[in-house]
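Shown next, in structure tokens, is the structure this report addresses.
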Amino acid sequence: MIKVTKLDSTVFYVNPHHIEYIELNPDTTLVMLSGKRLVVQEDYQTIFDRIIEYRKKIGIFFNEE
């Protein structure tokens with residue numbers, strides 16, 4: 108699970124495997140596989156970094172470089 112923050116500063120955690128894509132319009136919006144949209148305070152790079160960190164932690168990150 109990765110930590111994210113709602114616009115009202117409420118902290119919560121989401122399963123990054125359930126994120127379908129991320130919109131930047133201008134707020135960062137996580138669009139989940141269920142279709143639910145979550146607007147968060149974090150920018151795209153922060154979310155991306157947290158997903159990579161999480162995947163490394165659970166052993167499913169493969170660096171293609």
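In this note's numbering, each residue carries its 1-based index in the sequence shown increased by 107.
Glycine residues also receive a C-beta, built at the ideal position from the N, C-alpha and C atoms.
Keep in mind that this is a model prediction, so the values were computed, not measured.
In the three-state DSSP reduction, lysine 113 falls in the strand class (E or B). Three or more Cβ pairs drawn from the region 146–155 and the region 113–130 lie within less than 8 Å of each other, which places the two stretches in contact. Counting only residues of its own chain and dropping the five nearest sequence neighbours on each side, histidine 125 has a CB closer than 8 Å to the CB of Met139, Leu140, Ser141. In the same chain as isoleucine 158, and ignoring 5 residues on each side of it, the C-beta atoms closer than 8 Å to its own belong to Ile109, Pro123, Ile126, in chain order. In the DSSP assignment, glutamate 127 falls within the unbroken beta strand (DSSP E) covering 126–131.
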